[in-house]
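Structure first, then comments.
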Amino acid sequence: MFVEHLSLTDFRSYVRADVPMAPGVTTFVGSNGQGKTNLVEAVEYLSRLSSHRVRQDLPLVRMGCDQAVVRGRVRAGHGDDRSLLLEIEINAHRANRARINRANLPRTRDLLGVLRTVVFSPSDLAIVRGDPSDRREFLDGLVITRWPRMAGVKADYERVLRQRNALLKSVSGRGASAGSEIGATLDIWDDQLATIGAELLSARLDTLTAVMPLASAAYREIAPVNDLASADYRASLDLSRLWQPPVAGQDPGAPVDRTLLVEEFLDALARRRPDELVRGVTLVGPHRDDVILSIGDLPAKGYASHGESWSLALALRLASFQLLRADGIEPVLVLDDVFSELDATRRDRLAAAVIDADQVLVTAAVAQDVPTQLAGARFHVGGGEVHPADQQMSQTVSGSDDNGTHSDQSSSSEPGSTTTSGAEPDPDGQHSDDDGRRQDD
38 MFVEHLSLTD FRSYVRADVP MAPGVTTFVG SNGQGKTNLV EAVEYLSRLS
88 SHRVRQDLPL VRMGCDQAVV RGRVRAGHGD DRSLLLEIEI NAHRANRARI
138 NRANLPRTRD LLGVLRTVVF SPSDLAIVRG DPSDRREFLD GLVITRWPRM
188 AGVKADYERV LRQRNALLKS VSGRGASAGS EIGATLDIWD DQLATIGAEL
238 LSARLDTLTA VMPLASAAYR EIAPVNDLAS ADYRASLDLS RLWQPPVAGQ
288 DPGAPVDRTL LVEEFLDALA RRRPDELVRG VTLVGPHRDD VILSIGDLPA
338 KGYASHGESW SLALALRLAS FQLLRADGIE PVLVLDDVFS ELDATRRDRL
388 AAAVIDADQV LVTAAVAQDV PTQLAGARFH VGGGEVHPAD QQMSQTVSGS
438 DDNGTHSDQS SSSEPGSTTT SGAEPDPDGQ HSDDDGRRQD D
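Here the sequence shown is numbered in the working numbering, starting from 38 and rising by one per residue.
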């Protein structure tokens, strides 16, 4: 699968942009703050309904606007003419809307899974060196990409968790008397939390079991050493009877028994209830868990060097790509300014590992940072313009800036418009009006 055309309206710093794409490698080169990352971020958002750069949607809407629109025409693959037009409206003050082939979807998250992406970025270092929440976010992102329905499961879990925490907080510090007052109500919330939480936890464990042997192999390919990369799941409940950490070269065994997982979840909640009543917060569940990454015999966090940490983070992303590919839908690979963080050896090894992907989108501040193996289409981004490196005609955009602030507009036939040599004006053949909707909607 690959993106053959990207159209933006009021997204980040772009008033309007139309960018043709092709299978293989496409590189966007430009100085920091020129808008190159905004382009690949838009592709990521079409895929995941989220961005690796921000946790909220509001920064994605151009300053002073109420709505941003991202459209992408995606092809099923090489030699396959089937295509879909994906569209997402990002609204500053109301719910977002999603469309496929101009038909509204009942829920925005129904867009998940149509286009798959794996994004490499400098922030990936947090997977290794950051907080437990960073590792949970990585694992949940992969879970949802594999099984889009898990986005709803995670949302349900977070809803139940909020309501259970509110109940605990209302009686915190009142000791045993509080337990007798709300015990029956807590039992109801415990059943819901355990049932939904076990489904999320089971998906995490199955995914970690599948991805880590691939990550261990990828680490050996990328890192100039021969240490073994491994992972363990540190849960807030006892998993010793139910799951064992994945070991490269060994049979992963049967999937986790979810019925037993629910039982263990409920037992753990019962054991921790006195503490929860005192502290006013839920102490058991996937929201408390961590993934312990190791290189050799030592935990990566706190012991791995910068280069080792980068190699492990890259290995996890490469393994994610390989796992998704094995599931049957080829992801688009996004390499967002990662080569500047790597030495020459790791650059070349990463390039060799991704070169056979259907589509690779690369951003770089310096063209020389991109390995020669990743030759392909190249665009220069700068001075408010995005233009093919091998053509004189330019694609002019208004105010490109990686941080969402805008610069002076370049001259064009229409202020803030985009024209590209040889490019269709919009993936559906029509431009949008100022509020982000097509003129004939």
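Note that beta-carbon positions come from the ideal geometry of N, C-alpha and C, so glycine has one too. Since the structure is predicted, the reported quantities are computational estimates derived from the model, not experimental observations.
Supposed close pair residue i, residue j - CB separation, criterion 8 Å
i	j	result
Leu-351	Ile-233	Between Ile-233 and Leu-351 the Cβ distance is about 33 Å, and since that is not below 8 Å, they are no contact.
Asp-147	Ala-135	7 Å
Val-165	Ala-337	5 Å
Leu-245	Val-328	7 Å
His-417	Val-107	Not confirmed; about 22 Å, so no contact.
Asp-227	Leu-303	6 Å
Val-321	Leu-274	6 Å
Val-151	Leu-123	6 Å
Leu-149	Leu-86	6 Å
Leu-198	Leu-162	The Cβ separation is near 28 Å, so there is no contact.
Ala-235	Val-318	With a Cβ gap of about 20 Å, Ala-235 and Val-318 do not count as contacting.
Cys-102	Asp-171	Actually they are not in contact, since the Cβ atoms of Cys-102 and Asp-171 sit about 31 Å apart, beyond 8 Å.
Asp-14	Arg-278	Residue 14 lies beyond the residue range present for the chain, which begins at 38 and ends at 478; the question has no answer from this structure.
Leu-95	Ser-88	That pair is no contact at about 11 Å.
Glu-81	Thr-154	5 Å
Ala-388	Gln-410	4 Å
Pro-292	Asp-243	6 Å
Met-344	Asp-380	Residue identity differs from the one stated: residue 344 is Gly in this sequence, not Met. That pair is a contact at about 7 Å.
Val-62	Ala-412	7 Å
Other residues of its chain near residue i: CB distance less than 7 Å, five sequence neighbours each side excluded
i	result
Ala-13	No statement about residue 13 is possible, as the shown extent of the chain runs from 38 to 478 and does not include it.
Ala-426	Arg-415, Phe-416, His-417
Arg-201	Trp-226, Leu-230, Thr-319
Ser-348	Tyr-256, Ile-259, Ala-260, Arg-383
Val-208	Ala-215, Glu-218, Ile-219, Leu-314
Asp-264	Ile-332, Gly-333
CA nearest to the CA of residue i, picked from the options
i	options	result
Ala-356	Ala-266, Val-80, Ala-412, Leu-276	Ala-266
Ala-105	Ser-44, Asp-304, Thr-244	Ser-44
Val-248	Val-262, Arg-362, Glu-195, Asp-393	Arg-362
Thr-145	Glu-300, Leu-83, Asp-312	Leu-83
Ala-240	His-343, His-89, Ala-254, Arg-183	Arg-183
Pro-408	Pro-425, Glu-378, Gly-419	Glu-378
Asp-364	Leu-353, Val-180, Leu-238	Val-180
Phe-358	Ile-392, Asp-326, His-343, Gly-339	Ile-392
Arg-139	Arg-153, Asn-128, Ser-120, His-130	Ser-120
Asp-168	Ala-389, Gly-339, Leu-411, Ile-366	Gly-339
Gly-419	His-324, Ser-68, Glu-301, Leu-237	Ser-68
Tyr-12	Leu-360, Ser-88, Leu-353	As displayed, the chain neither begins before 38 nor continues past 478, which places residue 12 out of reach and without an answer.
Val-262	Ile-332, Ser-50, Val-423, His-424	Ile-332
Asn-141	Leu-276, Ile-125, His-130, Leu-411	Ile-125
Arg-186	Ala-221, Asp-312, Ser-207, Leu-237	Leu-237
Phe-376	Arg-153, Ser-158, Leu-330, Glu-422	Ser-158
Gly-114	Leu-205, Leu-242, Glu-367	Glu-367
Ser-160	Ser-346, Arg-196, Leu-330	Ser-346
His-130	Arg-110, Gly-116, Gln-93, Asp-118	Gln-93
Lys-206	Ala-341, Gly-220, Ala-305, Glu-313	Glu-313
Contacts around residue i, its chain only, beta-carbon distance under 6 Å, and the 5 residues preceding and following it disregarded
i	result
Gln-396	Phe-39, Pro-60, Val-369
Pro-282	Asp-269
Arg-112	Phe-39, Glu-41, Ser-120
Pro-323	Gly-234, Leu-237, Leu-238
Arg-99	Asp-47
Val-403	none
Tyr-194	Ile-233, Gly-234, Leu-237
Arg-110	Glu-41, His-42, Ser-120, Leu-122, Pro-464
Ala-305	Leu-274, Val-321
Same chain only: Cβ atoms within 8 Å of residue i, ignoring 5 sequence neighbours per side
i	result
Asp-478	Because Asp-478 sits at a pLDDT of 34, beneath the cut-off of 50, its placement in the model cannot be relied upon, and the following sentence gives the value as read from the coordinates. Closer than 8 Å at Cβ, skipping near neighbours: no residue.
Val-77	Phe-65, Val-156, Val-371, Asp-373, Leu-398, Thr-400
Met-58	Phe-39, Val-40, Glu-41, His-42, Leu-43, Gln-396, Leu-398, Ala-414
Glu-451	Residue confidence for Glu-451 is low, a pLDDT of 34 falling below 50, so the modelled location carries little weight; the figure read from the coordinates is stated next. Answer for Glu-451: no residue qualifies.
Glu-301	Leu-274, Asp-275, Leu-276, Arg-278, Leu-279
CB contact check: residue i to chain C, cutoff 8 Å
i	result
Arg-271	In the displayed structure, chain C is absent; only one protein chain is listed.
Counting only runs of 3+ residues fully inside the region 208-291, write out the beta strand (DSSP E) ranges in chain order. 266-271
At 3 residues or longer, and completely inside the region 69-142: list those beta strand (DSSP E) runs for me, N to C. 104-114, 117-128, 134-137
Run through the region 280-357 for me and flag every whole alpha helix (DSSP H) of 4 or more residues, listed as ranges in chain order. 295-316
On the three-pair Cβ rule with 8 Å, is the region 168-186 touching the region 381-392? no
Any alpha helix (DSSP H) of 4 or more consecutive residues that is wholly inside the region 349-426: 381-391
Is the number of C-beta pairs between the region 67-86 and the region 50-59 that are closer than 8 Å three or more? yes
If you scan the region 166-201 from start to end, which runs of the alpha helix (DSSP H) of 4 or more residues do you find wholly inside it? 169-183
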